[in-house]
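Asker: Take this structure, written in structure tokens, and hold onto it; I'll ask about it next.
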Amino acid sequence: MSVLPRGRRGAAAAALLAAGLLTATAACGGGGSDGKAGGAATAKGKDKVTLTFWDWDPNIDKVVAKWNAGHPDIQVKLSNPAGGDQLVAKMITAHEAKNGPDIAKVEYQSLPALVSKGVVADITQWTKDTVTKYDDATLKSTVFQGKVYGVPQDVAPLMFFYRTDLFAKYGLSVPKTWDDFAAEAKTVRSKAPSAYLTNFDAADPGWFTGLAQQAGANWWTTSGDSWKVDIADAPTKKVAGYWQGLVDEGSIAKNPSFSPQWNKQMNDGTLLGWISGAWAPAQLGGIAPATKGKWAVAPLPAWTAGDPATGIWGGSATTVTTDSHHPEQAAQFASWLNTDDAAVTEQVRQINVYPAATAGRSLPVLAAPPAFFPNQPDFYAEVKKVAPAARSFPMWGPDVTVTFTGYTDGFGKALQSGGSFTGALDSMQSATVADMKKLGFTVG
């Protein structure tokens, strides 16, 4: 069985796509050939190596400094050129110019496309011990056709973050179901006409994808040699219809997350809540600095009362690129960053990750809340309860970047014009299928 693109059976694509396994869950790299990923041995012995590392996490520099202090012969130089999908685009561009970084943070959903494009390297030979420190479910996000393409950093179940002070002020209850959520959104508008329970984010497809996953969506599947793309499936349409209803009745705000306006509204109390990944506390300090100690986290509202299912937003791996001249040392850093107890402890302390490594989830540091949430000592206990029921897609497609661009284009236009969210899903579907066929995939 093969779901490879016709006429495109290169080594990178084959490693990833054979048998349908797009299953989830010197100073700079570039130039030259000796020691590149998959090539000859890299600098060893007394040779000093400097690795470039692209990562957008706030305070990750403090974790990198810990590595550099203990590894004088392998130094890591940190850069933050972009985050999320924007970083993926920069990685592809840099790879085409043969000057990509040695190491990069990549969200799980973007990894298949980067593997199929030959941007990230197979690091199996240097991670044989590393992979024993993860459960199988976590490794599925970074292992394709038995080869390792990244070291998992964190898991990011989608949860509901809310302002405890404002919920008390307006007499609100933490919503347990999506019906409750809609009712509370209306209550906010009636009691505080200038405020909203939350916003609809048409600028970040990962956010919406997590909501679709919670509802049971499966956007990509394979059968034999053929792909099936079902972005406009019934669960996703249910999610889109629900949020369209809230938008149309004016119950929620329409501005995108992380915009200057949204940041201001999060800080001044115009917005009372945020549906986000478990990594949110690390971001809130920069988004809404005046609100420290005023937030709490709760499980995502359920479609059916008592159902613990949630989706994911983000969750990342540390990858080594095929442009690296020092893949072995880069893989060593990636493994240390995400499995060494001291490194993971520092990540929890500085970045508020919920660790992907099995032992990392029992570290003593998780007994204390994130610095921005001193009022919720059981923060990580709440995340730990939710994490086992977080579902991703069982399979990600080979052109997620096209799908996600279709989201921002389609939903952005629909949000501003009052158009149909379901129509935006149809546009995403059409764009994704057209691109896959252009790449040579069989789509049924």
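Numbered per mature numbering (1 follows the signal peptide of the UniProt record, and there is no 0), the sequence shown spans residues -26 to -1, 1 to 418.
A virtual CB, placed ideally from N, CA and C, is assigned to each residue, including glycine.
Treat the numbers as computed from the prediction; the structure is a model and nothing was measured.
At what residues does the beta strand (DSSP E) containing residue 273 begin and finish?
Answerer: Note, residue 273: beta strand (DSSP E), 269 to 273.
Asker: Output the boundary residues of the alpha helix (DSSP H) element that contains residue 406.
Answerer: Residues 395 to 413.
Asker: Tell me whether residue 72 sits in a helix, a strand or coil according to DSSP, three-state version.
Answerer: Of the three classes helix, strand and coil, the one that applies to residue 72 here is coil, per DSSP.
Asker: Beta strand (DSSP E) containing residue 134: first to last residue?
Answerer: That run of the beta strand (DSSP E) goes 132 to 137.
Asker: Roughly how many angstroms lie between the CA atoms of residue -3 and residue 27, to the nearest whole one?
Answerer: Summary for residue -3: the model assigns pLDDT 40, below 50, so the residue's position carries little reliability; its value from the coordinates is reported in the next sentence. Using only the alpha carbons, I get a separation of about 24 Å.
Asker: Identify which residue in 79, 400, 92, 220 has its Cα closest to the Cα of residue 290.
Answerer: If we check each option's Cα against that of residue 290, 79 comes out closest.
Asker: Have a look at 204, 396, 143 and flag the residue whose alpha-carbon is nearest the alpha-carbon of residue 407.
Answerer: Taking only the C-alpha atoms, the option nearest residue 407 is 204.
Asker: May I ask you to check if the CB of residue 94 is nearer than 7 Å to at least one heavy atom of the ligand MG?
Answerer: As presented, the structure is devoid of all ligands, the ligand MG included, so that no description of it is given.
Asker: When we look at the beta-carbon of residue 224 and count the other beta-carbons within 10 Å, is it buried (16 or more) or exposed?
Answerer: Exposed, by the Cβ-count rule.
Asker: Does DSSP put residue 322 in a helix, in a strand, or in coil?
Answerer: Of the three classes helix, strand and coil, the one that applies to residue 322 here is helix, per DSSP.
Asker: Looking at the unbroken alpha helix (DSSP H) that takes in residue 164, where does it start and where does it end?
Answerer: Residues 152 to 165.
Asker: Can you give me the C-alpha to C-alpha distance between residue 372 and residue 274, rounded to a whole angstrom?
Answerer: Rounded to whole angstroms, residue 372 to residue 274 spans 29 Å at the Cα level.
Asker: Which complete alpha helix (DSSP H) runs does the segment 196 to 239 hold, if anything under 4 residues is left out?
Answerer: Here the runs fully enclosed are 208 to 222.
Asker: State the start and end residues of the unbroken beta strand (DSSP E) segment that holds residue 27.
Answerer: Counting along the chain, the beta strand (DSSP E) containing residue 27 begins and ends at 23 to 28.
Asker: With the cut-off set at 8 Å, would you say residue 415 and residue 201 are in Cβ contact?
Answerer: Yes, they are a contact pair.
Asker: What residue does the beta strand (DSSP E) around residue 85 start on, and which one ends it?
Answerer: Here residue 85 belongs to no beta strand (DSSP E); instead the alpha helix (DSSP H) covers 85 to 90.
Asker: Run through DSSP, which three-state label would residue 294 get?
Answerer: Residue 294: strand per DSSP, three-state reduction.
Asker: Tell me the DSSP secondary structure of residue 283 in three-state form.
Answerer: Residue 283 falls in the coil class under three-state DSSP.
Asker: What number of angstroms, rounded off, separates the C-alpha of residue 218 from the C-alpha of residue 305?
Answerer: So the alpha carbons of these two residues sit roughly 44 Å apart.
Asker: What separation, rounded to the nearest whole angstrom, lies between the Cα atoms of residue 93 and residue 212?
Answerer: Cα to Cα, the separation comes out at about 36 Å.
Asker: I'd like to know whether the C-beta atoms of residue 286 and residue 132 end up nearer to each other than 8 Å.
Answerer: For residue 286 and residue 132, yes; Cβs fall inside 8 Å.
Asker: Assuming residue 180 is part of the alpha helix (DSSP H), what are its boundary residues?
Answerer: Where residue 180 is concerned, the enclosing alpha helix (DSSP H) stretches over 179 to 189.
Asker: Which residue comes first and which comes last in the alpha helix (DSSP H) that contains residue 34?
Answerer: Unbroken alpha helix (DSSP H) run through residue 34: 34 to 44.
Asker: Round the Cβ separation of residue 328 and residue 109 to the nearest angstrom and send it over; I've been treating them as touching at under 8 Å.
Answerer: Actually they do not touch by this definition, with Cβ atoms about 14 Å apart.
Asker: Pick helix, strand or coil for residue 351, following the three-state DSSP scheme.
Answerer: Coil, per DSSP.
Asker: Rounded to whole angstroms, what's the CA-CA distance from residue 1 to residue 391? Just pull it up for me.
Answerer: Residue placement at residue 1 is flagged as unreliable, the pLDDT there being 31, under the threshold of 50; the coordinate-derived value follows with that caveat. Distance between the alpha carbons of residue 1 and residue 391: 48 Å.
Asker: What does the alpha-carbon distance come out to for the pair residue 259 and residue 266?
Answerer: So the alpha carbons of these two residues sit roughly 7 Å apart.
Asker: Specify the secondary structure class of residue 360 as computed by DSSP and reduced to three states.
Answerer: In the structure shown, residue 360 sits in a helix (DSSP, three-state: H, G or I).
Asker: Count the other CB atoms within 10 Å of the CB of residue 364; is the residue buried (16 or more) or exposed (fewer)?
Answerer: Classification of residue 364: buried, given that the 10 Å Cβ count is 16 or more.
Asker: Along the chain, where does the alpha helix (DSSP H) containing residue 366 start, and where does it finish?
Answerer: Unbroken run through residue 366: none, as it is neither H nor E.
Asker: Taking just the CA atoms, how far does residue 384 sit from residue 350?
Answerer: For residue 350 and residue 384, the distance between alpha carbons rounds to 38 Å.
Asker: Just list the residues that DSSP pairs residue 118 with in beta bridges.
Answerer: Per DSSP, 121.
Asker: Just to confirm the assignment, what range does the beta strand (DSSP E) spanning residue 49 have?
Answerer: Unbroken beta strand (DSSP E) run through residue 49: 48 to 53.
Asker: Can you check which of these residues, 193, 395, 169, is closest to residue 238 by C-alpha distance?
Answerer: With distances taken between Cα atoms, residue 238 lies closest to 169.
Asker: Out of 396, 411, 382, which one is the CA nearest neighbour of residue 179?
Answerer: When only C-alpha atoms are compared, the closest one is 382.
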